[in-house]
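*Asks:*
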Amino acid sequence: MTELGTLLGGRWLILLDFDGPICGVFSGIPSDVVAQELLGMISDPPLALTGTQDPFRVLEYAAESRPELAADIERRFTDLETQAVMCAGSKPHALEFIREATELPGTAVAIVSNNSEAAIRTFLAANDFAAYIAGVYARTSADISLLKPAPHLLTAALLDQRCDDAHAVFVGDSITDIEAGQAAGIPTIAYADKPGKLARLTARRPAAVVTDMSQLRQALHQPVVRRAGKE
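What follows is the structure in structure tokens.
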């Protein structure tokens, strides 16, 4: 694996997943509550979804098997995510990392997430943090083919920010994040903040692994990073 200072140095676009590195989206309203409400919008759902705690599984099923319901389910999912982020706090050191990263000359921070753009922007506004974020690349429809592990959102961020993959780095907390980053050719730092994640994410061979956002904050202040920035 690569040292954090080396990964951050020379890369002027830092891409962050939202749910995990920045915010625990469903820490206030549990994900199983959201999933079951969405599931209730489907008559005769498959047994495989009974008791699911993952609202994305419900959206995926609707998009693939009940397309006539997908848009309504996605809109309700967005509403529930937006309510959830208003109850959720930021992860320790996350906002400080973003602020300190944007203080580096020529460095920008953007969010790349499967969560809804509306919910993310609501969180940023509520925390007076929108000004620190160069862009939000997230879910805006029920088209799940655009979501990670597909690289679409990451490549959209690169294009919009006029950055090539050699000058970007991505921080995510899931296997799908690592897969998307690797597909986009972007070095990906795995954020393993929960028991069991460290082994699972390390097995996917990310560029580096951290267990706390404070590690990224510390790496920002290494000399190799302080010299970085877009010319």
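Residues in the sequence shown are numbered consecutively from 460, following our numbering. Idealized CB from N, CA, C, for every residue including glycine. It should be emphasised that the depicted structure is a prediction, and the values quoted were computed from it without experimental measurement.
In whole angstroms, give me the CA-to-CA distance for residue 405 and residue 629.
*Replies:* In this structure the chain extends from 460 to 690, so residue 405 is not present and cannot be described.
*Asks:* Could you tell me which uninterrupted beta strand (DSSP E) segments, each at least 3 residues in length, are contained entirely in the stretch 542 to 598, listed from first to last along the chain?
*Replies:* 567 to 575, 594 to 598
*Asks:* List the residues that DSSP assigns as beta-bridge partners of residue 475.
*Replies:* The partner list for residue 475 (beta bridge, DSSP) reads 570, 630.
*Asks:* Going by the DSSP bridge assignment, what does residue 482 pair with across the sheet?
*Replies:* 478, 549
*Asks:* Report back the beta-carbon spacing between residue 596 and residue 615 to the nearest angstrom; my notes put them in contact at under 8 Å.
*Replies:* 5 Å
*Asks:* Apply the 10 Å Cβ neighbour rule to residue 509 and answer buried if 16 or more other Cβ atoms are within range, or exposed otherwise.
*Replies:* exposed
*Asks:* From residue 529 to residue 572, what does the alpha carbon distance come to, in whole angstroms?
*Replies:* 19 Å
*Asks:* Compute the beta-carbon to beta-carbon distance between residue 555 and residue 676, rounded to the nearest angstrom, for a pair I have assumed lies under 8 Å.
*Replies:* With a Cβ gap of about 6 Å, residue 555 and residue 676 count as contacting.
*Asks:* Helix or strand or just coil, what does DSSP make of residue 667?
*Replies:* The three-state reading of DSSP puts residue 667 in strand, counting E and B together.
*Asks:* By Cβ distance below 8 Å, which residues in the same chain neighbour residue 562 in space, the five residues on each side in sequence not counted?
*Replies:* Result list for residue 562: empty, nothing under 8 Å.
*Asks:* So what's residue 645 in DSSP terms, helix, strand or just coil?
*Replies:* coil
*Asks:* Grouping DSSP H, G and I as helix and E and B as strand, with all else coil, what is residue 461?
*Replies:* DSSP places residue 461 in coil when its eight states are reduced to three.
*Asks:* Ignore the nearest five residues each way along the sequence and tell me which others in residue 461's own chain have a CB closer than 8 Å to its CB.
*Replies:* 646, 666, 667
*Asks:* Hey, residue 576 and residue 484: beta-carbon distance below 9 Å or not?
*Replies:* no
*Asks:* Give a yes or no on whether the C-beta atoms belonging to residue 681 and residue 464 are separated by under 9 Å.
*Replies:* yes
*Asks:* Going straight from the alpha carbon of residue 500 to that of residue 525, what length do you get?
*Replies:* 11 Å
*Asks:* Taking buried to mean at least 16 other C-beta atoms within 10 Å of its own C-beta, is residue 687 buried or exposed?
*Replies:* Only weak support is given to the placement of residue 687: the predicted model assigns it a pLDDT of 45, under 50, and the value that follows is read from those uncertain coordinates. Buried.
*Asks:* What first and last residue would you give for the alpha helix (DSSP H) that runs through residue 511?
*Replies:* According to the DSSP assignment, residue 511 belongs to no alpha helix (DSSP H), since it is labelled neither H nor E.
*Asks:* If you draw a straight line from the alpha carbon of residue 690 to that of residue 565, how long is it in whole angstroms?
*Replies:* Low local confidence applies: a pLDDT of 49 at residue 690 is under 50, so the model's placement there is unreliable, with the coordinate-based value given in what follows. Looking at the two C-alpha atoms, the distance is approximately 7 Å.
*Asks:* Check each candidate in 481, 574, 559 and name the one with the smallest Cα separation from residue 513.
*Replies:* 574
*Asks:* Taking the alpha helix (DSSP H) that residue 660 belongs to, which residues open and close that run?
*Replies:* Residues 656 to 661.
*Asks:* Near residue 640, which residues of its chain fall below 6 Å by C-beta distance, leaving aside the five closest residues on each side in sequence?
*Replies:* 629, 647
*Asks:* For residue 599, does the count of other Cβ atoms within 10 angstroms reach 16, so buried, or fall short, so exposed?
*Replies:* exposed
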